[in-house]
Structures are given as C-alpha cells and as structure tokens.
Amino acid sequence: MNHYNKIGILISLAILFSVYTVILYSKNSEYPAVSGTSTDRGKRIWQEKNCIACHQIYGLGGYLGPDLTNTYSEKGKDYIMAFLKSGTQVMPDFNLSQNEINDLTEYLKSIDASGTGRPGKLKINDDGTIEQPEKIPGR
Amino acid sequence: MMEPLNSLRKSPAGKFFFFGLFLLATALIFGLTGALQYLIPGLFRDDFSFEKVRPLHVSSAVFWIITTAIGGVYHYIKERSDKGIYSEKLMNIQFYLLSTTVILILITYVFGIFGGREYWEFHPYLAIPIGFSWILFIINVFKSLSSLRKKPVYIWMWMTGAAFFLFTFIESYLWLIPFFRANIVGDMMIQWKSYGSMVGCWNMLIYGSSIYLMDRISRNEKYSYSKIGFLLYFLGLFNLMFNWGHHIYTLPAPKYVQYISYGVSMTELILLGRIIMLWRSSLSTAKKNYHLYSYRFLLAADIWIFLTLILAIMMSVPAINVYTHGTHITVAHTMGATIGINSFLLLSFIFDVFGVKEKISAKRFTAAYFILNISLFIFWIALIIAGVLKADWQMHSPEIPFAEMMRRLRPAFIVFFVAGIGVATGFLMIIFKIIKHHRLTK
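Residue numbers (the numbering used here), protein chains in the order written: chain A, 48 to 186; chain B, 5 to 446.
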C-alpha cells in the first residue's frame, strides 16, 4: 500500500471521528446547565461515594446491587431515602446528612425522568435495533 | 530450568514489567476478595466494602495492562532500531510519575476517596500526573520512531495508539465541565465513547507489539508491510473510533449512535472470518513454536480472541444486546478480553524479553499455563451462565426481587469464585517464577 494512501486513510478517519465527536458534544447544548443545583450536588455525592461500584444506571456499573435508573418512580422517594439513611445488610451506612440524602434523591429523580432502564420495556425493531418506549406523560 | 532474567534486567521494559506484575498480583487478590463478597453478602461491609474493593481490583488490572504495554513498546522500539529510545531519562520520569500515582490511587481507594467514574474511579486530581506521564510517553515514542514513512504496521499502531489514548483520556474527564454533565444521558454517552476508544488505544499498543513479536518468532516481516496488514490495522482504527455504541444501546441516546455502532461492529466479522480461514496455518505455526513460552501465550491469546470476538459481535447486535446488557455476559466479555487477550499477550512479551529460547522443561510453567487457561474457561462459562440467568430475570421476571435473583445466581458465583482461585493460582505461579529468577540474578 502506497504511503500517501495510508496517510490519506488515516486523515480521513481522523476527520470523520472529529466530526462525529463534535456532533455528539453539541447534543449537550440541548440541556440546561445543572451546575450548583441539587441534582448536580447529588451527582457529586454519587461519585464521591462510588455508588457505581455496586449499582447500575441504564445497565452500566456494578453488579452487586440493583439498577437504580427507575427506582424513583418504581419504589418512591421515601424508599430511597430510607436506604440512604441507614444502609442495608450489604450496603454500608455512608453517614449521609439530610441535605446529602435530599440531593442524592434528586439526582435519582432526574435519572428516572431521562428514560427507562428496564430492558424488558425496550422496543425491539425488525431491523435488530432497539428503542426506548414512548415517553410517559408527566414523567 | 529457565534462563535467568538477564535481558529483562538490562531492558528498559524491566521496571514497567515488574511494576505491572505487582499490579497484576494486587488485581488478583482484590478480585478474589470481591468475588467472596458476592458469596458472603455484607462481608467487610463497614471497613472494606465492595465500593473500595472493586476499584482496587479494576484499577490494578487496568494499570497492569497499561504499564506493561508501555514496557513492551519501549523494549521493542529499542530492540528494533540502532538509535534506541529517544530519552531514557524521560522514560524514567514517566515511569516514576506513573507508578507513584498508581500507588497513590490505590491508597486513596482504601481511605474511601473517589472520583467515582466507572473504571477511572480515582480522584480527578490524580488524573493530572497520569496524563502528564502519558505526554512524556508520546514524546518518547514519536521522537524515537520519527516518522511513519516506510514503517511496518506495528509502528503505526504504537504511534496512533499512544496519540489517541491521550485524547480519549482527556475526553473521559470532560464531565468536570458543567456543559458536559448537564444531562445524564449525554454525560454517559461521552463517558462510554471515551472508554470504548481508550480500550482500542491500549489494544493498538499491545497488538502492535504482538505483531512485532510474531514477526521475530517467524523470522518473517512480510505481514507487517503487507496490504492486508494495513487494511486490518485501519479496520481496527475504524472500530476504535466508531464501535463503542454497544455500551449505550439501551440509553435514550440519538438513534444514529446505535446505527453507526451496529454497522461498524459488523465489520468485525471480517476479523472473525480471517481467523477461521487461517486456522490451519495457525495450527502448523503453533506446532512449530510451541516450545517457546512467549509463543504459548500468543497461542492462548489467539484462542481467546476468537471466543471474545464471537461474544463481542453478538453483543453488538442491539436486539441481542438488550438481553446481555447489564448482565454478567458483559463481565465475561471484559474478562475474556483483559485476561485471555491482553494479559496473555503481555505475558508473552515478558517471557520474550526474559530470554527467547527457553524450552518447556519447567513443569511448573506448564502446570501454571494449563491451570490458568482451564480455570479461565470455567470462570468465563460461569459468568455467561450467570448472565443468561440474569438476562432472563430482567427481561421476563423483573417483579422477582433483586436479592432473590442474586440468590438464584449463587451456584454460578460459587463456580466463578473457585475458578477465580484457579486463575489467580496460575498467574501467581508465573509471577513467582519470574520474580524468583530475577532475585537469582541479583
């Protein structure tokens, strides 16, 4: 293979990759800034306590605990707060303050509102692709 | 008896390899601890719970791969050219910066200090020295190799792997900017875009070194300059850039992400077809070189590439992915890739640098090799079975409580733990053998 052909392919791939990257980054401009909000603080606590080591969001994360994508709508706010307050037989008590519990619950609420994390509820199309179910009004 | 590690001690790879082996050992120890926590829920709940054990295991494993891959590239750059490495001083700074930071990362985990992003769970401050050490690596690789003109394919792989890694590493920290974390879906999309490509980058370094090694073992450089060699390299690069979407098929992400990734991942069928087509010649090469320790690991990695690729292609079909996603089948794929492919290739480099012409006379090596491979296969199957059971639960019986589902998976977890002990034993026997010979030369 000619050296210039190789360079040409490399540059073409790099350009395609850059364009794709910019398109994906620009998707974020559709959402309002969250900096400083309760949801954002909740996200920070989620990361500081490394919740992802045991729990999943949209099936991504650890396997020791349940997926929490839709726990807010399925189990309710009080259920989440009770677990955050004292832990479980497996989950340690992280000694969270009431404000931290509120922020984490807000974060889980915002995740819940973003879509469904239950694979059984996803629509499987004939072409082998999958998609989220129709958005439930009010969620 | 194996020959002493003279060449390894003189090699620039030496310190990277030994630090890598130390991390492999810690990854195994914390991996077993984590597996035990699956079997005994609540074990070490208050002092050393799973949110500490998992990152200790994962970061040790990831840095074993990265550190040893760097060592391999340095060694082979020095070996193949009279010029050697551009700056050994820079390399040493890189090593001490990287190794000190990794140790610091492991310590911070023990104290419960996290950045909390899956796989890069350390505090973002610690990403700064890691990134800086990578810049030193890029400078050294690019200055040592100078240009791509008339260079074999593995040099293209080293250079592009090194350069793209830095981009993906920076990209994985974009969440620090509020704009990028404004939406959970957008944030996760970019996170997994960067991770998917990042794995492709270290694979470029490792596969590049394995091609170089294979060239040397076969005393034939034809493949490294061939059209097919470059076409497969570009196919790999194409997948590195665009085949990460299978991680986020189930997210409410733009539909084109799914189409692009689905389409691109199907090009991996070409790689699968090639492996099947070449199996006969691979077999004769295997018979010829089976006596080399390094080749044995190359051979084992070949088998694991085949198994992992089948699983990867299946998981890349969204309609199948919806079943496998979030289950232990994903873990099986990761373990197959990081242990069966990455770790085995890295061990082949270590044994190659170790001394090329060792005969299989050490019974312990052969025993360790088979314990490792057989245990890994059982380990892999146990994870797939656990994954199938979990997939059935999440697709058909989500009303059954999570704890009850986990209880039903327990037999698979027991097999997984026992096989994990086998994997750890095999690896530790090999590590012990290397360290023992290293001490003998002192």
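Ideal placement from N, C-alpha and C gives every residue a C-beta, glycine not left out. As the structure is a prediction and not an experimental result, all values here were calculated from the model.
{"Check": "Under 8 angstroms from the C-beta of Phe130 (chain A): neighbouring residues of chain B", "Outcome": "Here the premise fails: no neighbours, minimum Cβ distance about 12 angstroms."}
{"Check": "Spatial distance of His442 (chain B) from Ser64 (chain B) (CA atoms)", "Outcome": "22 angstroms"}
{"Check": "Simplified DSSP assignment, three categories, for Glu178 (chain A)", "Outcome": "strand"}
{"Check": "Three-way DSSP call (helix, strand, coil) for Asp3 (chain B) in this model", "Outcome": "As displayed, chain B neither begins before 5 nor continues past 446, which places residue 3 (chain B) out of reach and without an answer."}
{"Check": "Simplified DSSP state of Arg58 (chain B), which is helix, strand or coil", "Outcome": "helix"}
{"Check": "Span separating the alpha-carbon of Gln98 (chain B) from that of Thr152 (chain A)", "Outcome": "42 angstroms"}
{"Check": "Residues from the stretch 111 to 125 of chain A in contact with chain B, defined by Cβ distance under 9 angstroms", "Outcome": "Leu111, Gly112, Pro113, Asp114"}
{"Check": "Min CB distance Thr176 (chain A) to chain B below 8 angstroms", "Outcome": "yes"}
{"Check": "CB contact check: Val66 (chain A) to chain B, cutoff 8 angstroms", "Outcome": "no"}
{"Check": "Same chain only: Cβ atoms within 7 angstroms of Tyr327 (chain B), ignoring 5 sequence neighbours per side", "Outcome": "Ala395, Met399"}
{"Check": "Extent of the continuous alpha helix (DSSP H) run through Ala131 (chain B)", "Outcome": "131 to 149"}
{"Check": "C-alpha gap between Tyr67 (chain A) and Asp191 (chain B), whole angstroms", "Outcome": "16 angstroms"}
{"Check": "Proximity below 8 angstroms, CB of His251 (chain B) to CB of Leu107 (chain A)", "Outcome": "yes"}
{"Check": "Any chain B beta carbon closer than 8 angstroms to Ile58 (chain A)", "Outcome": "no"}
{"Check": "Stretch pair the stretch 157 to 175 of chain A + the stretch 111 to 124 of chain A: three plus CB contacts closer than 8 angstroms", "Outcome": "yes"}
{"Check": "Residues that Tyr106 (chain B) contacts on chain A, provided the C-beta gap is smaller than 9 angstroms", "Outcome": "According to the sequence displayed, residue 106 (chain B) carries Val and not Tyr. Near Val106 (chain B) there are no residues of chain A at all, since even the closest Cβ is about 18 angstroms away, more than 9 angstroms."}
{"Check": "Contact list for Ser161 (chain A) against chain B, beta-carbon separation under 9 angstroms", "Outcome": "Asn187, Ile188, Val189, Leu255, Pro256"}
{"Check": "Environment of Val268 (chain B) [buried if 16+ CB atoms lie within 10 Å]", "Outcome": "buried"}
{"Check": "In DSSP terms, what Gly108 (chain A) is bridged to", "Outcome": "A:Gln103"}
{"Check": "Thr105 (chain B) versus B:Met218, B:Lys87, B:Tyr129, residue with shortest Cα-Cα distance", "Outcome": "B:Tyr129"}
{"Check": "Neighbour list for Ala323 (chain B) in chain A, Cβ cutoff strictly below 7 angstroms", "Outcome": "Ile171, Gly175, Ile177"}
{"Check": "Proximity below 8 angstroms, CB of Ala3 (chain B) to CB of Thr312 (chain B)", "Outcome": "Lying before the first or after the last residue shown, residue 3 (chain B) is absent from chain B, which here runs from 5 to 446."}
{"Check": "Residues that Ile241 (chain B) contacts on chain A, provided the C-beta gap is smaller than 8 angstroms", "Outcome": "The sequence shown places Leu at residue 241 (chain B), rather than the Ile named in the question. Here the neighbours are Leu57, Leu60."}
{"Check": "Cβ-Cβ separation, Thr72 (chain B) to Leu102 (chain B) (assumed contact under 8 angstroms), whole Å", "Outcome": "Not confirmed; about 12 angstroms, so no contact."}
{"Check": "Residue-chain proximity (Met339 (chain B), chain A), Cβ-Cβ < 8 angstroms", "Outcome": "no"}
{"Check": "Residue-chain proximity (Ser144 (chain A), chain B), Cβ-Cβ < 8 angstroms", "Outcome": "no"}
{"Check": "Classification of Pro256 (chain B) by the beta-carbon crowding that lies within 10 angstroms, buried from 16 upward", "Outcome": "buried"}
{"Check": "Cβ neighbours of Ile364 (chain B) in the same chain (closer than 7 angstroms, five flanking residues each side left out)", "Outcome": "Confidence at Ile364 (chain B) is low in this model, with a pLDDT of 43, below 50, so the placement of that residue should be treated as unreliable; the coordinate-derived value is given next. Correct list, in chain order: His295, Thr370."}
{"Check": "Bridge partners - Ile171 (chain A), DSSP secondary structure assignment", "Outcome": "A:Ile177"}
{"Check": "Rounded separation between Leu60 (chain A) and Tyr72 (chain A) - CA only", "Outcome": "18 angstroms"}
{"Check": "Where the stretch 98 to 112 of chain A meets chain B: residues whose CB sits under 9 angstroms from a CB there", "Outcome": "Cys98, Ile99, Ala100, Cys101, Gln103, Ile104, Tyr105, Gly106, Leu107, Gly108, Gly109, Tyr110, Leu111, Gly112"}
{"Check": "Chain A contact for Met433 (chain B) (CB, 8 angstroms cutoff)", "Outcome": "no"}
{"Check": "Anticipated Cβ contact below 8 angstroms, Phe34 (chain B) with Leu60 (chain B), distance rounded", "Outcome": "4 angstroms"}
{"Check": "Where Arg412 (chain B) sits in the DSSP three-state scheme", "Outcome": "helix"}
{"Check": "Helix, strand or coil at Asp114 (chain A) according to DSSP, with G and I counted as helix", "Outcome": "strand"}
{"Check": "Within 8 angstroms, strictly: CB atoms of Gly277 (chain B) and Ser265 (chain B)", "Outcome": "no"}
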